[in-house]
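First up is the structure itself, then whatever we jot down about it.
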Amino acid sequence: MQNPRKAARPARRSRSSGHGGGREGGPSAPVGKCWLFGTHAVAAALANPRRVYERLLVTEAEHPALEEAARSGGRGLRVAPELVQRARLDDLLGPEAVHQGVAMLAHILPSLSLEEALERPGPVLVLDQVTDPRNVGAILRSAAAFGAACIVVQDRNAPEETAVLAKAASGALETVPFVREVNLSRAIEMLQKAGCWTVGLDAGGSILNGAGFDGRRVALVLGAEGRGLRRLTRESCDEIAGLYMPGDMESLNVSVAAAVGLYELVRRGMPAAK
517 MQNPRKAARP ARRSRSSGHG GGREGGPSAP VGKCWLFGTH AVAAALANPR
567 RVYERLLVTE AEHPALEEAA RSGGRGLRVA PELVQRARLD DLLGPEAVHQ
617 GVAMLAHILP SLSLEEALER PGPVLVLDQV TDPRNVGAIL RSAAAFGAAC
667 IVVQDRNAPE ETAVLAKAAS GALETVPFVR EVNLSRAIEM LQKAGCWTVG
717 LDAGGSILNG AGFDGRRVAL VLGAEGRGLR RLTRESCDEI AGLYMPGDME
767 SLNVSVAAAV GLYELVRRGM PAAK
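Position in the sequence shown (from 1) plus 516 gives the number in the working numbering.
Here is the structure:
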C-alpha cells in the first residue's frame, strides 16, 4: 500500500509462497484436508460447528486449546484427542512450526457464496492476487477484529487453506467467510450491484476518509505486494484512495494497510469517551 503523497519507486517483486502443502504452506495433507496447529487456530476450529476434522493431537491431556474451545461455546469434542510426544508433532509439522503442542487434521471449510457472505454486516475486503498465506492470515485476523463481513479473493490467485494461513489468522479463519470467485472484476460488479461502494486502496487517489462514507457500505480492494492493483481491477473500482501517511515510509505491508483501512472505516462508530 503506497503513500499517496509520495512518488512511487520501482517495486521490488514479492516472493510468493504458492499454494498447497510445501514447507511454506504447511505440512502436506490429503486432498481436501489440511493440518491446523497452534492453540488459537485449533481452539477456534474446535468451536466452529462447520469444521469437520479427523484427528486431534495434543501433548497434554488438558491442553489450553481444549479449554479455550470449551469457553468459546464449543459443542464438545467430536474426535477423541490423541496424546503424543512433542517430538512427534515436530516430525509431522516440520521444525519451524510453532505448534504449541496441538495439531488437527481437518477438512477444508466449504466456501460461502458472495450473496450468502453479504448477509453479514460490515465492510468487505477484496484481495487482488495477494498470495502470501501469512499476509492473508493477518488480513483475516484484522477482518475479524474490525467486523468485516467477508474477504473476497480470486480463486486461482489466492492461497489455499493451510496451517500457516490459519496460524497467522489466530482463529479468524473460522469466523470470517473466505469467498472465492473465478473473476474478480465480476465479483466487484456484484458487490456494486449489492450496494457496496468499492474503493481501491492504492496511490494516485484521494486520502481515505471514513467519515466520507456515512450511509454507504464499503468494499476495500487491495492489491498484491509490490505490484499493487492490476489495471482492470483498478478501473473496476468506484474510486481510488490511499492512506494518510505523514511519515517517511512510502508504503505499508498489505496486511497492515488492510488493518489501517478497516480501522478508518469503522472508527466513526466508536462509542464516545466517558
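Don't be surprised by glycine CBs; every beta carbon is placed ideally from N, CA and C.
Among the options, which one has its Cα closest to the Cα of residue i?
| i | options | result |
| --- | --- | --- |
| Pro626 | Lys709, Val770, Glu690 and Asp764 | Glu690 |
| Gly728 | Trp713, Leu738 and Arg566 | Trp713 |
| Ala468 | Leu621, Asp607, Gln616 and Pro649 | In the structure displayed, the chain extends from 517 to 790; residue 468 sits before or after that span and is not available. |
| Val737 | Pro546, Pro565 and Leu778 | Leu778 |
| Gly744 | Pro787, Thr647 and Asp607 | Thr647 |
| Asp730 | Glu705, Glu780 and Ser767 | Glu780 |
| Val734 | Glu751, Ala757, Glu741 and Gly742 | Ala757 |
| Phe553 | Phe662, Tyr569 and Pro565 | Tyr569 |
Just to confirm the assignment, what range does the beta strand (DSSP E) spanning residue i have?
| i | result |
| --- | --- |
| Glu697 | Phe694 to Glu697 |
| Glu576 | Run containing Glu576: none; DSSP gives neither H nor E here. |
| Lys641 | Sequence inspection shows Leu at residue 641; the Lys mentioned does not correspond to that position. Element bounds for Leu641: Val640 to Asp644. |
| Ala619 | Val618 to His623 |
| Gly758 | Glu755 to Gly758 |
| Leu736 | Arg733 to Gly739 |
| Val772 | No beta strand (DSSP E) contains Val772, which is instead part of the alpha helix (DSSP H) from Val770 to Val782. |
| Val668 | Cys666 to Gln670 |
Note the first and the last residue of the continuous alpha helix (DSSP H) segment covering residue i.
| i | result |
| --- | --- |
| Ala684 | Ala679 to Ala685 |
| Thr714 | Where Thr714 is concerned, there is no enclosing alpha helix (DSSP H), although the beta strand (DSSP E) it sits in stretches over Cys712 to Ile723. |
| Gln708 | Leu700 to Lys709 |
| Leu562 | Thr555 to Ala563 |
Assuming residue i and residue j are in contact, meaning their beta carbons sit under 8 Å apart, how far apart are those beta carbons, in whole angstroms?
| i | j | result |
| --- | --- | --- |
| Arg784 | Gly726 | 5 Å |
| Arg636 | Val680 | Wrong, their Cβ atoms sit about 26 Å apart, outside the cutoff. |
| Gly617 | His579 | 6 Å |
| Val698 | Cys666 | Not confirmed; about 16 Å, so no contact. |
| Thr749 | Ser686 | About 28 Å separates the two Cβ atoms, so there is no contact after all. |
| Gly721 | Glu755 | 6 Å |
Validate contact between the segment 595-614 and the segment 625-644 using beta carbons, cut 8 Å, 3 pairs: no
The segment 665-673 touching the segment 566-573, judged by at least three CB pairs closer than 8 Å: no
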